[in-house]
Amino acid sequence: MLLFGLAALGFQPANAQTASQKPKLVVGIVVDQMRFDYLTRFEAQFGDRGFKRLMSDGFECRNNHFNYVPTYTGPGHASIYTGTTPANHGIISNNWYNKFEKQQVYCAGDTTVASVGIDGPAGQMSPHRMLTTTVTDQNRLHTQMRGKTIGISLKDRGAILPAGHTANAAYWFEGGDEGKWITSTWYMNELPKWVQDFNASAKAKSYLKEWNTLKPIENYIESGDDLNTYEGGFRGKEDAVFPYDLAELAEQNGGYSLLKSTPYGNNLTTDFALEALDAEGLGQDSDTDFLAVSYSATDYVGHNFGVNSKEVEDMYVRLDLDLERLLDALDQKVGKGNYTVFLTADHGAVNVPAYLSANKIPSGYFDNRAFETALNEFVVSEYGEEDLIEDISNYQVFFNYENLAAAEINAEALQQKIAHFALQYDLMDKVYTRAELNQANYTSGVGALIQKGFNQKRSGDVFLVLDPGVISYSRTGSTHGSAFSYDTHAPLLFYGAGIKKGKTYELTEIPDIAPTIAALLGIEFPNGTTGKVIAEVLE
């Protein structure tokens, strides 16, 4: 009765939004492979209306981390929008071994749907492997499906997982000879006219041009030498140095797919997002809409050139201008004070280990194939049985339980033997077993991160952790996936309607984003939420 009386008097709980106060549009921005320190390293290169606008006029969480492993794109996007970790949402990697189907599966792959906008399998994608709802789903449910959700990314998984199960659309870019934005029959049976018109506009073709540094290269002092031995580069060009003639290089580098590995991939993403903003009428009525944008070119460039490259620095100088363009369009089309933005990343990245080693920092390269051979030989020598191990992938060992039962081998005993063997292996830091993860409760350290990434039904039986700075990758370029801070420490910025100005150095975690946005909107949290509301962000 008291609660009813307070409500009748107009009392609103702290941080709750009335219908008139709710933003008309929420824009979620994920920058693929963005380390936190890119905000500070490149800050002097940024203008005042991109990253700096979000930082100075919004709220910055400077100690924001992923609280699970593996730190990959699929799990990252799913965790940001579901408010939980792979233990619950089930996206345990980009690809993983499915013990029930006896094959590798892709996080967004779905053979029950068809491509829309292109022939072939590139559009056979959906969010069906994600087990929980997203904040975008909850907004759709709350508004009786009136509030729209549009997901956009060069990568299919970067568009699909944030947009959730109930999205009006998710669009991703198919390169090769096509250069088109596409989708699947999960969402629709035909591309809207505005998408068809965009694809026909030759916008993608316009970006097959020279990529040179936006500013004089001598101004790029926050990165290493342009010519070095730590970068991959492109086929058809001897050295990975500026400038790059993309029109000339396209044929040997995947046609339009080459754009994904340049800042022009982000330009194209912004172009398409602005077209969606107009064509879909986002933020134009009283029901909150959601625009989920993932900038993927940053990841492709980081993998190719490494986190200390001139190419990465130029990428972020140019991304800053894309953010300015997007924010200015939101001001004009939705209105200042009518929209809310959050920006984060799906993971960080390691410095190229060869570069670290040259600077006397412990690091190295792990040979997965050699380890797999050695492990299989060890198991056969111990048990006299072959095919007890069914798969080794994503630093997990999967057992063949049928063969274990036939040979009367105890699974926990095999887990312990493999763990002991693996710990003797060079460059191996830690090993955890399924039994340990099921029986113990890790509250801190790497064990806690592995446990939050451990899905009882989908994950393996033994979990391997390499030494810090050690990767299984080429000797050029950067990668990610670990539990170490270079992979877990990600930016988190909130800006706009309902957001305070300020910053915090208190620990925040990626699953906190979705419940914070849900609290702002006054909607139910995603159904698997384990994150907390970051109360100091909200007005």
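Under the numbering used here, think of the first position of the sequence shown as 6, with each following residue one higher.
Every residue gets a Cβ at the ideal spot worked out from N, C-alpha and C, and that includes glycine.
**7 Å CB neighbourhood of G259 in its chain, flanking five on each side removed** = In its chain, beyond the 5 residues on either side, G180 and G181 have a beta carbon closer than 7 Å to the beta carbon of G259.
**Asked** Buried or exposed: where does L512 fall if 16 or more other Cβ atoms within 10 Å of its Cβ makes it buried?
**Response** Exposed: under 16 other Cβ atoms inside 10 Å.
**Request:** In the DSSP assignment, find the beta strand (DSSP E) that holds Q401 and state where it starts and stops.
**Result:** Segment Q401 to F404, the beta strand (DSSP E) holding Q401.
**Prompt:** Rounded to whole angstroms, how far is the Cβ of M130 from the Cβ of D115, which I believe are closer than 8 Å?
**Reply:** M130 to D115, Cβ: 6 Å. Contact.
**Prompt:** Around the Cβ of Y510, are there at least 16 other Cβ atoms within 10 angstroms (buried) or fewer (exposed)?
**Reply:** Counting of Cβ neighbours within 10 angstroms places Y510 among the exposed residues, the total staying below 16.
**Message:** Is the separation between the beta-carbon of L328 and that of L30 shorter than 8 Å?
**Reply:** No; because the gap between Cβ atoms is not below 8 Å, this pair is not in contact.
**Asked** Which of helix, strand or coil does DSSP assign to L14?
**Response** Bear in mind that a pLDDT of 39 at L14, under 50, signals an unreliable position, so the model cannot answer this.
**Asked** How far does the alpha helix (DSSP H) with I85 in it reach, from first residue to last?
**Response** That run of the alpha helix (DSSP H) goes T78 to T87.
**Message:** Going by DSSP in three states, N173 sits in which element: helix, strand or coil?
**Reply:** DSSP places N173 in coil when its eight states are reduced to three.
**Request:** Identify which residue in L525, T89, K422 and G52 has its Cα closest to the Cα of A440.
**Result:** Nearest of L525, T89, K422 and G52 to A440, Cα basis: K422.
**Among T45, L279 and L324, nearest to D37 - alpha-carbon criterion** = Nearest C-alpha to D37 among T45, L279 and L324: L324.
**Asked** Count the other CB atoms within 10 Å of the CB of N72; is the residue buried (16 or more) or exposed (fewer)?
**Response** The residue is buried, with at least 16 neighbouring Cβ atoms inside 10 Å.
**Asked** If you check the beta carbons only, do G63 and L525 fall under 8 Å apart?
**Response** Taking the C-beta atoms as reference points, L525 is found no nearer than 8 Å to G63.
**Request:** Could you check the C-alpha separation between G52 and P531 for me, to the nearest Å?
**Result:** Cα to Cα, the separation comes out at about 36 Å.
**Message:** Taking only three categories from DSSP, how would you classify G163?
**Reply:** DSSP places G163 in helix when its eight states are reduced to three.
**Residue from A113, A488, G482 and F347 with nearest C-alpha to G229** = Residue G482 is the option with its Cα nearest to G229.
**Asked** To the nearest whole angstrom, what separates the beta carbons of S266 and N309, a pair I think is in contact under 8 Å?
**Response** Between S266 and N309 the beta-carbon gap is near 6 Å, inside 8 Å, which marks them as a contact.
**Asked** Which residues in the same chain have their Cβ closer than 7 Å to the Cβ of P520, if we skip the five residues on either side of it in sequence?
**Response** The residues are G88, F530, T534, G536, K537 and V538.
**Prompt:** So which of S291, K365, G270 and L254 has the shortest CA-CA distance to M320?
**Reply:** Looking at the Cα atoms, G270 is the closest of the given residues.
**Request:** Closer than 6 Å by C-beta to R151: which residues in its own chain qualify, once you throw out the five before and the five after it? Chain order, please.
**Result:** Excluding sequence neighbours, R151 sits near D292.
**Asked** Just the Cα atoms here: how many angstroms apart are A13 and E280?
**Response** Only weak support exists for where A13 lies, its pLDDT of 39 falling under 50; the value from the coordinates is given anyway. Whole-angstrom Cα-Cα distance: 43 Å.
**Message:** Can you tell me where the alpha helix (DSSP H) holding E329 begins and where it ends?
**Reply:** Start and end: K315 to K338.
**Between the CA atoms of G307 and F9 - distance to the nearest angstrom** = The predicted model places F9 with a pLDDT of 37, which falls under 50 and marks its position as unreliable; any figure quoted below should be read in that light. Rounded to whole angstroms, F9 to G307 spans 55 Å at the Cα level.
**Asked** Taking the DSSP output, what are the residues bridged to S538?
**Response** Ser is not the amino acid found at residue 538; the sequence shown has Val there. None, per the DSSP bridge assignment.
**Item:** Beta-bridge pairing of H70 - partner residues as DSSP gives them
**Value:** Note: H70 sits in a beta bridge opposite H494 and E514.
**Message:** On the DSSP letters alone, give me the boundaries of the beta strand (DSSP E) that E395 sits inside.
**Reply:** DSSP places E395 inside the beta strand (DSSP E), whose first and last residues are I394 to S398.
**Asked** Where does N381 sit, in a helix, a strand or coil, going by DSSP?
**Response** Note: N381 maps to helix in three-state DSSP.
**One or two residues paired with W101 in a DSSP bridge** = Partner residues in the beta bridge of W101, as assigned by DSSP, are V110.
**Inter-residue Cα distance where the pair is Q456 and H425** = Inter-residue distance for Q456 and H425 is about 19 Å (C-alpha atoms, whole angstroms).
**Request:** Using beta-carbon positions only, say whether A502 and T345 come within less than 8 Å of one another.
**Result:** In contact: A502 and T345 (Cβ atoms closer than 8 Å).
**Asked** Y370 to P473, Cα distance in whole Å?
**Response** Taking the straight line joining both Cα atoms gives about 11 Å.
**Item:** Straight-line gap, Y77 to M39 (C-alpha atoms, nearest Å)
**Value:** Those two C-alpha atoms are separated by around 12 Å.
**Item:** Nearest-angstrom Cα separation, counted from S211 out to Y192
**Value:** Taking the straight line from one Cα to the other gives about 29 Å.
**Asked** In terms of residue numbering, what span does the alpha helix (DSSP H) encompassing I504 cover?
**Response** First-last for I504: undefined, no H or E at that position.
**Request:** Could you tell me the distance, in whole angstroms, from the CA atom of N446 to the CA atom of L166?
**Result:** Whole-angstrom Cα-Cα distance: 29 Å.
**Residue span of the beta strand (DSSP E) that contains Y300, given as start and end** = Note, Y300: beta strand (DSSP E), D294 to Y300.
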